[in-house]
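J.:
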Amino acid sequence: YISLIGSIPGEIFGLRNLTKLLLLSNELSGFIPPDIGNCTNLYRLRVNGNKLGGTIPSEIGNLKSLNFLDLSNNRFTGGIPPSLLHCSSLEFLDFHSNGLLGFLPDTL
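If you count the sequence shown from 1, position 88 lands on 88 in full-length UniProt numbering, and the numbers rise without skipping.
(1) What is the C-beta distance between N62 and G37, in whole angstroms, given that I count them as a contact (C-beta under 8 Å)?
(2) Considering only the alpha carbon of each residue, which of L24, K64, C39 and S88 lies closest to L4?
(3) Of all the options H86, I56, K64 and L93, which has the alpha carbon lying nearest to the alpha carbon of L101?
(4) Which of the three DSSP states is assigned to E91 in this structure?
(5) In angstroms, rounded to a whole number, what distance separates the CA positions of T40 and F103?
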């Protein structure tokens, strides 16, 4: 692993053919921008073990191919976006060690 510091570069979310984004165990801060919804081919997203915060963007629901989502060990707050239900291929989900509130939808 490399020790990335700072925010996730916004240009990453212009890569429409991106299938995996693995930025785990770094020193990333800031938030996941709504532009993540542009990466519609993304099927694996791991940003666990950083210092990312804010709310989980509802645009994550645009990632219809997403099958693995690990946002654990960060500083996310708020609720789990209902749009996550649109990720019908989702098989793995980890949100532990954040400041999230609320419940997982029954249909998830």
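Just so you know, even glycine gets a beta-carbon here, dropped at the ideal spot from N, CA and C.
Small disclaimer: the values here were computed from a predicted structure and weren't measured.
T.: Checking against the coordinates, here is how it stands:
(1) Here residue 62 corresponds to residue number 62 of the sequence shown, with the count starting at 1. Here residue 37 corresponds to residue number 37 of the sequence shown, with the count starting at 1. The Cβ separation is near 4 Å, so the contact holds.
(2) Counted from its first residue, the sequence shown places residue 4 at position 4. Checking every option, the nearest Cα to that of L4 belongs to L24.
(3) Stepping through the sequence shown from its first residue, residue 101 is reached at position 101. Among H86, I56, K64 and L93, the Cα nearest to that of L101 is on I56.
(4) For the purposes of this step, residue 91 is taken as residue 91 along the sequence shown, with counting starting at 1. Note: E91 maps to coil in three-state DSSP.
(5) Counting from one through the sequence shown, the residue named residue 40 turns up at place 40. Counting from one through the sequence shown, the residue named residue 103 turns up at place 103. Near 26 Å, if we compare the C-alpha coordinates of F103 and T40.
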